[in-house]
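Below: one structure, written as structure tokens.
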Amino acid sequence: MKKLLALACLCCSAISLNAQTTRKIAIIPEPVTITETAGTFVLPKTVVIAGSGTGVSNVTSYFKKKLTTAARVNVTENASAAAYTIKFALNKSPEGVIGDEGYHLTVSPKNILITANKPAGLFYGVQTLLQLFPKEIESNTVVDRKWTVPCVKVTDYPRFGWRGLMFDVSRHFFTKQDVKQYIDQMVRYKFNLLHLHLTDDEGWRIEIKSLPKLTEVGAWRVKRVGYFNTLSPPTPGEPKTEGGFYTQDDIRELVKYAQDNYVNILPEIDVPGHSLAAVVAYPELSCTPGVENYHVRNGDEIADWSKPGGPVALVDNTLCPANEKVYEFLDKVIGEIAPLFPFPYIHMGGDECMKNFWAQSDAVKQLMQRENLKDYEQVQSYFEKRVEKIVESKGKRFMGWDEILEGGLAPNAAVMSWRGMSGGIAAAKAKHDVIMSPTTFAYLDYMNGDVAIEPKVYATLRLSKAYSFEPVPDSIDASYIKGGQANLWTEQVYNMRHAEYMTWPRGFAIAETMWSPKAKKNWNDFFGRVETQFDRYKVADIKYAPSVYDPIFTTSLSKDNEVSIYMSTEVNGLDIYYSWDNSFPDNHYDKYTQPLMIPKDAAQLRVITYRGNQPIGRMITIQVSDLNQRAGKKATK
Ligand code: TNX
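Counting from 164, one number per residue, gives the positions in the sequence shown under my numbering.
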């Protein structure tokens with residue numbers, strides 16, 4: 164029996180080792196049902212690509228473009244011109260189960276057929292079909308090879324209607340072209356919502372014609388690189404060269420581009436906190452004297468986060484809730500934004516509003532007396548309720564971060580839960596719509612792995628943790644959970660390549676959580692498919708984080724002040740090799756099998772993972788002083 168088990172284990176590890184090369188069907192997100200059938204479709208020299216019905220030509224041209232970019236093939240619409248066809252059809256009588264975004268895909272030796280109720284469904288069928296093609300389909304130039312597609316039958320539809328990614332274009336500005344590229348990448352995994360975080364302390368990114376200073380002044384700051392929150396403030400007269408904004412024409416172009424890719428754009432205007440860029444442009448919006456000397460934040464310190472009761476603002480970055488001009492301002496802003504975005508919601512932020520400057524304001528004191536507001540949470544709630552009215556007066560629905568629950572939720576507000584799931588649970592219990600995007604599972608700005616190797620930022624969120632995201636807690640009525648999203652904050656994201664690195668592969672995990680049936684989620688299976696995507700990303704030249712191959716380090720401290728180091732990996736089948744002698748370990752070095760003790764006088768631990776005889780992780784070095792600190796070891800003389 165033992166022998167049998169050992170053999171079985173061997174086979175399993177062999178399978179997982181070869182997973183990358185042997186899987187010909189590896190779709191992300193996993194379809195509802197996919198069955199392999201006999202045979203293979205081989206792309207001929209000439210193929211018919213045909214589709215009819217309203218909106219279908221958008222999908223056929225998308226597919227044609229992808230196909231002909233990578234494959235040498237003649238495409239015709241004339242059904243008699245070739246024996247092989249790839250056909251897109253809308254169902255005449257829409258079927259219930261697949262809804263507006265689902266599809267049926269059948270690949271047989273001479274025909275490929277995608278049917279759906281709506282063009283969006285056909286589009287998602289195309290995404291699945293493209294993933295069934297060899298990885299070279301991702302190439303941006305023609306590749307000569309045999310193009311085969313395994314025969315399959317797929318029925319597929321999403322678990323949630325809101326499958327989002329948030330892109331913070333305020334902390335660092337990303338161009339219109341960057342945003343289009345982000346859309347191109349997200350739709351491959353059937354995301355359908357792009358939340359643009361358009362304003363913050365670090366920049367106002369959307370033209371408001373009636374308030375020109377928002378972008379003339381609020382979109383620009385001095386340039387710094389380094390670690391956010393430690394960067395130096397502007398020197399006198401230093402040119403403000405960093406920034407940018409979207410004109411209203413740019414926004415229309417982006418909205419159209421998104422629509423052509425079946426993506427809605429949710430605009431966010433973050434108020435009353437995180438509003439420094441607006442305050443710098445229009446100082447009269449603040450209730451603090453002296454703001455005229457403020458500057459748009461360039462990563463310099465504006466708050467003290469060390470206080471146990473929450474952050475304390477060092478400069479007032481809030482709009483004044485007791486100032487009528489603020490509501491007139493918001494009326495203008497929302498009035499111009501509402502017609503630009505067809506999506507029914509406008510997100511009005513509401514997070515992390517530091518209230519210590521409100522506490523010094525006579526105007527706020529009077530407001531509290533007049534409106535019988537007991538604390539500053541209620542003051543924010545008063546503000547949010549007024550903003551909700553403005554949003555609704557423009558024909559839109561109001562949404563905010565979970566802080567808008569504090570002091571009482573505005574009557575129709577939808578809540579985006581980010582500080583864990585609890586805000587979302589409270590909102591759902593109060594019968595409000597909820598989008599789950601908790602830091603615990605869905606924060607793409609967090610490090611992919613250990614701080615010893617990753618660009619340092621607030622915390623770590625590993626791929627396996629992101630994959631364990633379940634947006635519907637047991638305790639609530641699931642119908643209030645409209646879906647979820649992952650958020651890419653960009654304090655420490657300076658360019659598009661790094662935006663990609665932070666988004667993928669964790670974006671795969673969130674995509675699968677939002678689309679695939681809960682019962683089909685399976686980490687080992689998912690990871691095999693992730694590796695197939697990695698291969699495709701190499702062809703597509705999209706950057707991804709390989710951090711999942713690096714070890715996880717933990718430490719402990721014994722009673723006699725000895726540090727133990729434990730290492731593990733997120734994925735099966737990797738070996739960890741290490742050195743204490745400063746040289747670079749490879750697979751001839753000691754293999755990690757049990758907790759390590761630090762040898763006397765050692766200066767650093769170096770570690771690398773292997774799969775079989777191939778290095779697969781990155782070389783990681785941690786100083787002994789750092790290990791001691793992690794374990795909480797007191798310095799001894
Ligand atoms: C909190 S999430 C914020 C953002 C930061 C983020 C960093 C949220 C609503 N507010 O302003 O960028 O943490 O992880």
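Where a beta carbon is used, it is the ideal one built from N, C-alpha and C, also for glycine.
| Check | Outcome |
| --- | --- |
| Got a sec: does the ligand TNX put a non-hydrogen atom nearer than 6 Å to the Cβ of tryptophan 367? | no |
| Taking the alpha helix (DSSP H) that histidine 661 falls in, what are its first and last residues? | 659–666 |
| Helix, strand or coil: how does DSSP classify valine 702 here? | helix |
| Would you call the region 311–329 and the region 468–484 touching, i.e. three or more CB-CB distances under 8 Å? | no |
| How about tyrosine 539 and tryptophan 521: are their beta carbons less than 7 Å apart? | yes |
| Below 6 Å, is the gap between the Cβ of aspartate 514 and the nearest heavy atom of the ligand TNX? | yes |
| Are the region 529–548 and the region 567–581 touching by the rule of at least three beta carbon pairs closer than 8 Å? | yes |
| Sorry if obvious, but does the Cβ on lysine 468 come closer than 6 Å to a heavy atom of the ligand TNX? | The residue asked about is misnamed: residue 468 is tryptophan in this sequence, not lysine. Outside the cutoff, so no. |
| In angstroms, rounded to a whole number, what distance separates the CA positions of lysine 684 and valine 205? | 31 Å |
| Per DSSP, which one or two residues make a beta bridge with asparagine 724? | Answer is none; asparagine 724 lacks a bridge partner. |
| Give a single yes or no on whether tryptophan 686 has its beta carbon closer than 6 Å to a heavy atom of the ligand TNX. | no |
| Just to confirm, is the Cβ distance from leucine 394 to asparagine 461 under 7 Å? | yes |
| What are the boundary residues of the alpha helix (DSSP H) that methionine 349 is part of? | 339–350 |
| Between aspartate 608 and the ligand TNX, is the CB less than 6 Å from at least one heavy atom? | yes |
| Measuring from the CB of tryptophan 564, is there a heavy atom of the ligand TNX at a distance below 6 Å? | yes |
| Please list the terminal residues of the continuous beta strand (DSSP E) segment that includes histidine 645. | This sequence places lysine at residue 645; histidine is not what is there. That run of the beta strand (DSSP E) goes 644–651. |
| Tell me which residue opens and which closes the beta strand (DSSP E) that tryptophan 325 is part of. | 325–331 |
| Taking Cβ positions, are tryptophan 678 and lysine 353 nearer each other than 7 Å? | yes |
| With respect to the alpha helix (DSSP H) encompassing asparagine 791, which residues constitute its N-terminal and C-terminal limits? | 787–794 |
| Taking the alpha-carbon positions, what's the threonine 653 to asparagine 456 distance? | 26 Å |
| Taking the straight line between their C-alpha atoms, what separation do you get for valine 317 and aspartate 608? | 34 Å |
| Please list the terminal residues of the continuous beta strand (DSSP E) segment that includes tyrosine 266. | 266–270 |
| Quick one: residues in its chain with C-beta nearer than 6 Å to the C-beta of histidine 510, no 5 flanking neighbours on either side, listed in chain order? | Leu429, Glu431, Met562 |
| Decide if methionine 760 is buried, meaning its Cβ has at least 16 other Cβ atoms within 10 Å, or exposed. | exposed |
| Taking 7 Å as the cut-off, decide whether the C-beta atoms of isoleucine 300 and alanine 245 are in contact. | no |
| Would DSSP call isoleucine 261 helix, strand or coil? | coil |
| Using the beta-carbon count (16 or more within 10 Å), is lysine 518 buried or exposed? | buried |
| Just reading off the beta strand (DSSP E) that tryptophan 564 is part of, what are its end residues? | 560–564 |
| Please classify glutamate 401: does DSSP put it in a helix, a strand, or coil? | coil |
| Can you tell me which of the three DSSP states lysine 309 falls into? | coil |
| What residue range does the beta strand (DSSP E) around threonine 451 cover? | Element bounds for threonine 451: n/a, residue is neither H nor E. |
| Across the region 329–339 and the region 363–380, are there enough close Cβ pairs to call them in contact, namely three or more that are closer than 8 Å? | yes |
| Do arginine 699 and lysine 298 have their CB atoms nearer than 7 Å? | yes |
| Which term fits glutamate 240, buried or exposed, when burial requires 16 or more other beta carbons within 10 angstroms of its beta carbon? | exposed |
| Shorter than 6 Å, the distance from the beta carbon of tryptophan 581 to the closest heavy atom of the ligand TNX, or not? | yes |
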